[in-house]
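Notes follow once the structure below has been shown.
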Amino acid sequence: MVTFVDQVQVHLQAGRGGNGCVSIRREKFKPLAGPDGGAGGNGADVVLIADPQVTTLLEYHRRPHREADNGGYGAGDYRDGVNGQELLLPVPIGTVVKNDKGETLADLTEAGTRYVAAQGGLGGLGNNALSSLKRKAPGFALLGTAGTSGSFTLELKTIADVAFVGYPSAGKSSLIAAMSAAKPKIADYPFTTLSPNLGVVETGEHRYTVADVPGLIEGASEGKGLGLDFLRHVERCSALLHVLDCATLEPGRDPISDLEVILAELGAYPVPEGQTPLLERPQLIALNKIDVPEARDLADFVRPELESRGYRVFEISAASHEGLRSLSFALAELVEKARAEALVEAESKPRIVLKPKAVNDGGFRIATEGGSYGTLYRVLGIKPERWVEQTDFTNDEAVGYLADRLQKIGIDDALVKAGAVAGSTVVIGPGSGVVFDWEPTLTSAAEVQVGARGTDSRVDPNDRRTNKERRAEYTARMDAKAEARAELERERKAGMWKEES
Ligand SMILES: Nc1nc2c(ncn2[C@@H]2O[C@H](COP(=O)(O)OP(=O)(O)OP(=O)(O)O)[C@@H](O)[C@H]2O)c(=O)[nH]1
Ligand SMILES: [Mg+2]
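Residue numbering for the sequence shown follows this note's numbering, starting at 9 and increasing by one per position.
Shown next, in the form of structure tokens:
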């Protein structure tokens with residue numbers, strides 16, 4: 009079975025950022041000459057780009073999974089990792105990008121329009137870049153972060169001024185070949201055309217594009233003969249040309265009933281909101297194949313009937329080019345009118361602006377969640393989440409650096425305000441995230457993990473009891489005393505002890 013591909017699902021994965029490097033420069037007589045670990049390279053983006061050379065989405069149907077390069081790792085001697093090279097995915101002009109919820113993300117209607125579908129991860133800084141006056145030789149580097157990924161639906165909707173519609177083998181492709189420089193496949197079997205061919209017609213000083221939509225049959229609007237896929241292409245065209253076959257030998261078919269079938273299908277097609285229904289767009293009729301004598305007779309016969317229905321009718325032959333000149337002028341006129349109207353409309357309509365997700369949003373928020381272990385405080389924000397991702401938790405210094413960063417944007421204060429107390433569970437990021445036991449008296453989460461700043465828990469273990477522990481010990485001691493006193497009292501009453509006289 010032939011597959012007609014103008015709608016595909018693709019899975020795109022941007023590249024991962026490379027890890028930064030920890031390295032110490034060594035010089036003769038100076039073995040510790042400062043940190044020289046370079047940064048990791050950034051992961052590559054996956055970018056969809058509207059390319060006039062590309063006409064189908066078939067390529068993505070065959071290979072729907074695409075991954076961009078990862079960034080290179082940083083290295084010693086100040087060498088940074090290479091940035092991943094952007095993965096450019098050319099798609100046809102008129103490709104609509106939707107997310108997995110069906111929301112439109114981008115409409116690539118002009119050559120060269122780019123849409124960054126997946127964003128590469130950041131490379132981690134090396135210990136050279138992390139050094140400061142206070143931290144002269146960092147023993148850690150930042151990890152690269154993951155690139156974004158996602159599933160997208162690509163949908164091709166041809167954009168042309170005029171769509172040629174009609175039954176299979178009516179001569180739509182022949183007509184586009186006769187009127188423009190396009191060289192579509194032409195054959196006398198139905199559904200020769202599987203994806204629309206675009207042609208540019210030049211008449212006088214007019215220039216417009218035409219598309220031969222694949223043949224339509226009865227039931228197309230319900231999906232018959234891949235009809236819905238075909239009809240989608242008509243959606244973007246401002247005018248329609250009905251190509252009617254006057255030389256068909258198929259029983260039960262004639263230009264009038266053919267037209268009625270096609271009209272019914274066009275009428276049943278639901279255009280997206282805000283667009284003109286297909287049948288309300290300007291339409292012309294071409295009675296084709298009049299180079300065949302019987303066809304010319306038939307065309308002459310049905311013409312008055314069609315004209316009485318209000319159509320402008322052209323008798324043509326795609327084979328002998330008869331009647332094409334006046335047809336192309338008539339189409340040019342329609343197109344000019346439609347363009348003028350579109351211009352007026354475009355000025356009154358608000359434009360859709362593509363908004364890429366903000367990356368450097370410095371904010372964060374704290375969400376509280378109840379649970380069987382008490383309240384859980386969740387820190388959500390692009391920065392804190394990224395910082396956690398960049399942290400090598402096997403490295404105490406790296407964890408300390410994370411704590412400093414978190415403290416700097418005021419997460420501790422915000423947690424106090426949110427009601428966190430000593431020992432509260434704090435999670436950074438969605439899902440299970442990274443879990444901390446938070447301690448407000450200490451300034452940062454890292455100290456909870458690795459001890460107070462400036463100490464090494466292996467060298468001088470911190471044995472000081474917390475106030476809470478001291479209080480517990482005190483009450484326990486007091487309780488024991490009271491208990492002992494009560495015991496003594498009972499025994500005395502029982503006469504176990506003789507009062508000394
Ligand atoms: N005699 C004659 N034959 C024509 C004319 N136009 C097209 N044909 C023939 O009709 C057959 C179908 O032509 P196509 O142009 O492929 O028809 P189509 O409408 O694009 O068909 P699909 O792509 O299948 O929908 C071919 O064999 C053409 O040679 C014409 O003006 N005169
Ligand atoms: Mg065709």
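For glycine and all other residues, C-beta sits at the position ideal for the given N, C-alpha and C.
Proximity test, residue i beta-carbon vs ligand 1 heavy atom, cut-off 7 Å
i	result
G331	no
A294	no
F309	no
D196	yes
S336	no
V300	yes
S177	yes
G174	yes
G223	yes
A1	Missing from the structure shown is residue 1; the chain here goes from 9 to 509 and no further.
A327	yes
K297	yes
Best match in the options for proximity to residue i [C-alpha to C-alpha]
i	options	result
L335	E397, E323, D44	E323
G155	I264, N475, Q398	Q398
E405	K106, T112, A149, V387	A149
G427	I417, W395, I374	I374
D299	A326, V321, G131	A326
G207	I436, F199, P198, K193	K193
A185	A145, T161, E210, G79	E210
A255	P301, V90, F37, G152	P301
A511	T64, F444, L239	For the chain, the structure presents residues 9 to 509; residue 511 sits outside this window and is missing.
G28	L384, V90, E330	V90
R172	D412, H73, N205	For clarity, residue 172 is Phe in the given sequence; the question names Arg instead. Among D412, H73, N205, the Cα nearest to that of F172 is on N205.
E349	L274, A247, E393	A247
G82	F401, A276, S328, N136	N136
D266	V62, S177, L183	S177
G46	R87, G25, S188	R87
R122	P146, R311, L56, K191	L56
N296	S203, T474, S182	S182
G378	A145, S432, E288, A490	S432
Y409	P39, K425, P392, V424	P392
S157	Q21, D305, A303	Q21
L306	P278, G147, R261	R261
P544	L423, K191, P198, A41	In the structure as shown, the chain begins at 9 and stops at 509. Residue 544 is therefore absent and cannot be evaluated.
beta-carbon residue i near ligand 2 non-hydrogen atom, thresh 7 Å
i	result
S203	no
P192	yes
T64	no
T161	no
T200	yes
S188	no
D220	yes
K180	yes
CB contact flag (residue i, residue j, <8 Å)
i	j	result
D59	G84	no
A294	L224	no
N107	F160	yes
A219	T166	yes
T217	D169	yes
E163	Q15	yes
E313	I264	yes
H19	P100	no
R110	R244	Residue 110 is actually Gly in this sequence, not Arg. Taking 8 Å as the Cβ cut-off, G110 and R244 do not qualify as a contacting pair.
L151	D421	no
G128	A76	yes
V251	K180	yes
L292	L339	yes
G23	G48	no
A125	V105	yes
V396	V442	yes
R394	T153	yes
P290	A346	yes
What beta strand (DSSP E) runs, 3 residues minimum, are completely inside the segment 97 to 176?
Scanning the segment 97 to 176 from its first residue to its last, the whole beta strand (DSSP E) runs of 3-plus residues come out as 103 to 107, 112 to 116, 122 to 126, 157 to 164, 170 to 173.
- Give, in chain order, every unbroken run of the beta strand (DSSP E) that is at least 3 residues long and sits entirely within the segment 315 to 349. Qualifying beta strand (DSSP E) stretches, in chain order: 321 to 323.
Stretch-stretch touch, CB-based, cutoff 8 Å, three pairs: the segment 45 to 58 with the segment 93 to 101
Using a Cβ-Cβ distance cut-off of 8 Å, the segment 45 to 58 and the segment 93 to 101 are in contact, since at least three pairs of beta carbons, one from each stretch, lie closer than that value.
| message | To test your reading of the DSSP string, which unbroken alpha helix (DSSP H) runs of 4 or more residues are found completely within the segment 230 to 316? | response | Restricting attention to alpha helix (DSSP H) runs no shorter than 4 residues, the segment 230 to 316 encloses them at 235 to 242, 263 to 276, 301 to 316, ordered along the chain.
| task | Indicate whether the contact test is met: 3 or more Cβ pairs, each with one atom in the segment 429 to 438 and one in the segment 377 to 396, closer than 8 Å. | result | Of all C-beta pairs linking the segment 429 to 438 to the segment 377 to 396, three or more are shorter than 8 Å, placing the two stretches in contact.
Worksheet item: Does the count of Cβ pairs from the segment 112 to 126 and the segment 31 to 45 closer than 8 Å reach three?
Response: Touching, no, given that fewer than three Cβ pairs across the two stretches are closer than 8 Å.
For this session: May I have a chain-ordered list of the beta strand (DSSP E) segments no shorter than 3 residues that lie completely inside the segment 12 to 69?
Result: The DSSP assignment places 15 to 21, 54 to 58 as complete runs of the beta strand (DSSP E) inside the segment 12 to 69, in order along the chain (cut-off: 3 residues).
Restricting to runs no shorter than 4 residues, where is the alpha helix (DSSP H) found entirely within the segment 398 to 423?
The segment 398 to 423 contains these whole alpha helix (DSSP H) runs: 404 to 416.
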